[in-house]
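This note's numbering numbers the first residue of the sequence shown as 39 and each following residue consecutively.
Cβ coordinates follow ideal geometry from the N, Cα and C atoms, glycine included.
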Amino acid sequence: AKTDRANRCTQFSMDLRERMEEKIALEKDLLRALDRGEFVMFYQPRLCVQTGRILSAEALLRWQHPERGLLGPSLFIQACEEMGLIIDVGEWVYRTVARQQRELGEAGIDISLSINLSPRQFSDPELIEKILRLPEETGCAAKRLGFEITESVLLGDSEAIRTALRRMKAKGFEIIIDDFGTGYSNLAYLQKYPIGVLKIDQTFIKNIRTSEPITRLILSLGNVLNVRVVAEGVETREQLDWLVENGCDEYQGYYFSRPLPLAEFVELYRTQQRL
Ligand code: C2E
Ligand code: CA
Ligand code: CA
Ligand code: CA
39 AKTDRANRCT QFSMDLRERM EEKIALEKDL LRALDRGEFV MFYQPRLCVQ TGRILSAEAL
99 LRWQHPERGL LGPSLFIQAC EEMGLIIDVG EWVYRTVARQ QRELGEAGID ISLSINLSPR
159 QFSDPELIEK ILRLPEETGC AAKRLGFEIT ESVLLGDSEA IRTALRRMKA KGFEIIIDDF
219 GTGYSNLAYL QKYPIGVLKI DQTFIKNIRT SEPITRLILS LGNVLNVRVV AEGVETREQL
279 DWLVENGCDE YQGYYFSRPL PLAEFVELYR TQQRL
């Protein structure tokens, strides 16, 4: 029994050690990824539920890793946050998306792009100033950029966040609440912040039948507060039909398109315009 336990211990520490080594390798890789220009933005269209037209796109980060191929954020965002690297990566993201918005505008593609901000990015004391400078620095149209934040950022109910969001809104940027309905939903904050869009969390859309009461509630909340409601994670015709029937404003999801590299997104947009 004693050697058994000893063996299990060695096994355990080997796993632990392997995992730590993997993590250290990942962190080293991430530090170089920014310098080497390995990050890319993909775009997933957001469409009008009624007309099916593309109105905007969500910018989603990808890492073109030299050996491991194209990686999604679930494989590296958390490490970025733990390392504090999310501040720099996040800055690369909003500057890149702002520049690409300007390029789209110049190409006659008049749609909005939205940028994800993780809560950790708000610990950057310069975040808001950097965002407010984007139009001057990149030539983007503030009216064509939105920022997606999660409820946890608003929960603190801090005066600083409120002021920050009001200044962003005054500049023309749109504020979007991501993953709405998960966790803490405190309805009081919805009136305190200048919110333009609510994104219903994917989990409600996934089980649209069982989630009906909640999803309906979010839709009427959007109506009362005069905030557009977006459904994400729409994968089937049935889900889209439900959204049409129940008056949801916009949707995104694999049913219409996965996130695409910019050039492919532009091609898709142009094809739709020609129809
Ligand atoms: P999110 O903001 O909730 O993004 C939606 C996620 O759902 C994306 O995953 C998207 O690819 C995926 N998705 C879209 N349509 C469907 C669908 O029909 N079915 C399913 N099953 N999934 C769908 P992705 O790109 O892997 O991003 C995961 C999360 O990583 C994002 O969740 C966001 O929190 C974070 N993230 C992504 N890009 C950035 C970024 O540039 N900055 C920051 N700070 N976070 C990011
Ligand atoms: Ca999002
Ligand atoms: Ca979401
Ligand atoms: Ca509405």
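What residue range does the beta strand (DSSP E) around residue i cover?
i    : result
P251 : Not the beta strand (DSSP E): P251 falls in the alpha helix (DSSP H), residues 250-263.
E212 : 212-218
G143 : Looking at the DSSP string, G143 is not in any beta strand (DSSP E); the run it does join, the alpha helix (DSSP H), is 124-144.
L151 : 150-154
C118 : That residue, C118, is in no beta strand (DSSP E); its alpha helix (DSSP H) goes 115-121.
I92  : 92-103
R266 : 266-269
Distance, Cα to Cα, residue i vs residue j?
i    : j    : result
T134 : L298 : 15 Å
G143 : R137 : 10 Å
V87  : L228 : 23 Å
With distance defined between alpha-carbon atoms, name the residue in the options nearest to residue i.
i    : options               : result
S258 : L236, T274, L93       : L236
V131 : G75, V267, C286, E174 : G75
E302 : A95, F218, E175       : A95
L165 : A198, A97, V265       : A198
G184 : Q159, Q139, A145      : Q139
V127 : Q159, I149, E167      : Q159
V78  : P104, G90, E56        : P104
State the start and end residues of the unbroken alpha helix (DSSP H) segment that holds residue i.
i    : result
F303 : 300-312
Q229 : 225-230
V282 : 275-283
F242 : 240-244
E76  : Where E76 is concerned, there is no enclosing alpha helix (DSSP H), given that its DSSP letter is neither H nor E.
R200 : 197-209
Can you give the beta carbon distance from residue i to residue j, rounded, assuming they're within the 8 Å contact cut?
i    : j    : result
I238 : F218 : 6 Å
W101 : A71  : 6 Å
I233 : Q277 : In fact, because the Cβ distance is near 24 Å, the residues do not count as touching under 8 Å.
L170 : Y231 : Incorrect: roughly 17 Å between the Cβ atoms, too far for contact.
message: What ranges does the alpha helix (DSSP H) occupy inside the stretch 157-193, keeping only unbroken runs of at least 4 residues that lie completely in it?
response: 165-170, 172-176, 189-193
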